[in-house]
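In the numbering used here, the protein residues as written are 78 to 493.
Read the structure below first, then the notes.
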Ligand SMILES: *Cc1c(COP(=O)(O)O)cnc(C)c1O
Ligand SMILES: [Zn+2]
């Protein structure tokens, strides 16, 4: 059977055969996976999904997988939670949280991109794989790499959160810490992929990696009963996820799986690393690179590879982008936990806080359906909020001790 997908340059449109390559040889713009949608319409049927497990592989026909591919790791299939309290507090009716804080197997949406990237790595014959990472990607590469029998080596900024290092090391992956920020790490990885011919998932395998993000979007549409929302609020690092959710929605409409509908795309960043939201707010033709300085490490990319496309998408969809400060990120993590029972990492604080801001600005309206993308788990960034929750006093295991404690707090409540 002829393959239904190939690589295509996002700027000049030149087509390339499938290969571990991420840049166009003609114009040096990024390549992406493109599909023969006419042929796809004959093999991909929504009805076939009824008998498949709820994880990202249920959309296999819409992903760039090698022929005969059989998934081993059940990735994705995360809850879409309708807001019970936070939406009401914000004065809007239909807010949903797409909760990839509980994505399998490593508790961030990066599990999805590694799923498709490693399928490509196997197809191209790589045994040595790796990535440049702000943390979550390293976790996902290490876990799936171990299970699939690859030999992972990940490259991270030296000052990454200890939990994200540990969550990588435990799978036996080799970790190379680099004195520098993500942009330095990524530049080095481009050279390493060239020199050593390793399969680096977000470098030379990037077109295949990025397609995995589409499943976050497919799931949203399916969980809304095969309908598209009015608004999506998406955290942005390299600016890839936001574009792939848009691509997913377009594909579903094109295949007739959902009614076509204009969806507004809203981007969320931390003020300490906000090249894309800055570009949107100042209406710049292209973003200006920044030097990251924020607790939202997973979003700390000062030169986002897909920034130009994210800018374009946000503008053309009629959406907007915003950013919030580190203290606001912490407040938003707590707010989401207290109201919805979801413990998100710093990136989730960013999305939640930015959503509040967009509602206050009137850019997201009360009667619209809005999906807020929570992309990572709070247990990975506990150091960001630990200082706010000092240990309480310990008491003796006796009833009187508890009564005394209660009395104390009753007294102080009366006194207050
Ligand atoms: C990587 C990451 C993002 C952003 O992804 P891009 O596709 O690079 O924009 C968002 N949230 C979390 C938790 C991430 O790890
Ligand atoms: Zn080109």
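Note that CB positions come from ideal geometry on N, CA and C, so glycine has one too.
Span of the beta strand (DSSP E) around residue i
i: residue 310; result: 308–312
i: residue 230; result: 228–234
i: residue 409; result: That residue, residue 409, is in no beta strand (DSSP E); its alpha helix (DSSP H) goes 403–417.
i: residue 447; result: 446–451
i: residue 185; result: Counting along the chain, residue 185 falls outside any beta strand (DSSP E), and DSSP gives it neither H nor E.
i: residue 345; result: 341–347
8 Å Cβ shell around residue i - same chain, five flanking residues per side excluded
i: residue 143; result: 196, 197, 199 and 200
i: residue 117; result: 81, 138, 139 and 332
i: residue 181; result: 132, 150, 151, 152, 153, 154 and 188
i: residue 298; result: 304, 305, 325, 326, 329, 334 and 335
i: residue 400; result: 345, 346, 347, 348, 351, 354, 355, 427 and 431
i: residue 323; result: 294, 340, 342, 390 and 394
Spatial neighbours of residue i in its chain, beta-carbon cut-off 6 Å, leaving aside the 5 residues before and after
i: residue 203; result: 276
i: residue 78; result: For residue 78, the predicted structure reports a pLDDT of 48, less than 50, and the residue's modelled location is therefore unreliable. A value from the coordinates is still provided. No residues qualify anywhere along the chain.
i: residue 420; result: 414 and 455
i: residue 266; result: 209, 232, 277 and 280
i: residue 409; result: 426, 429 and 430
i: residue 87; result: 106, 107 and 109
i: residue 393; result: none
i: residue 472; result: 478 and 482
i: residue 405; result: 430
Residues sharing a beta bridge with residue i, DSSP
i: residue 109; result: 85
i: residue 251; result: 230
i: residue 158; result: 174
i: residue 258; result: Answer is none; residue 258 lacks a bridge partner.
i: residue 68; result: Because the chain spans 78 through 493 in this model, residue 68 falls outside it and cannot be assessed.
i: residue 153; result: DSSP lists no partner for residue 153.
i: residue 92; result: 85
i: residue 277; result: 207
i: residue 495; result: This structure cannot settle anything about residue 495, because the visible part of the chain is limited to 78 through 493.
Option nearest residue i by Cα separation, candidates the options
i: residue 176; options: 155, 169 and 192; result: 155
i: residue 279; options: 318, 245 and 303; result: 318
i: residue 500; options: 222, 111 and 171; result: In this structure the chain extends from 78 to 493, so residue 500 is not present and cannot be described.
i: residue 336; options: 448, 306 and 320; result: 306
i: residue 97; options: 284, 252 and 226; result: 284
i: residue 351; options: 166, 312, 338 and 122; result: 312
i: residue 398; options: 382, 472, 296 and 314; result: 314
i: residue 263; options: 227, 214, 320 and 390; result: 214
i: residue 228; options: 346, 212 and 220; result: 220
i: residue 252; options: 93, 404 and 207; result: 207
i: residue 436; options: 309, 296 and 384; result: 309
i: residue 160; options: 256, 453, 448 and 467; result: 448
i: residue 234; options: 387, 380, 255 and 369; result: 255
i: residue 261; options: 184, 120 and 378; result: 378
i: residue 288; options: 270, 123, 403 and 320; result: 320
i: residue 194; options: 141, 103 and 483; result: 141
i: residue 172; options: 268, 258, 185 and 416; result: 416
i: residue 245; options: 192, 271 and 211; result: 211
Close-in-space but distant-in-sequence residues of the same chain around residue i (CB under 7 Å, 5 per side omitted)
i: residue 461; result: 372, 407 and 423
i: residue 112; result: 81 and 82
i: residue 476; result: none
i: residue 125; result: none
i: residue 434; result: 399 and 401
Proximity test, Cβ basis, 8 Å: residue i and chain C
i: residue 86; result: Of the protein chains in this structure there is only one, and it is not chain C.
Residue span of the alpha helix (DSSP H) that contains residue i, given as start and end
i: residue 317; result: 317–331
i: residue 166; result: 163–167
i: residue 355; result: 352–358
- Around ligand 2, which residues pass a check of Cβ closer than 6 Å to any of its heavy atoms? Environment of ligand 2, chain-ordered: 86, 88, 89, 91, 101, 103, 104 and 106, taking every residue with Cβ within less than 6 Å of a heavy atom.
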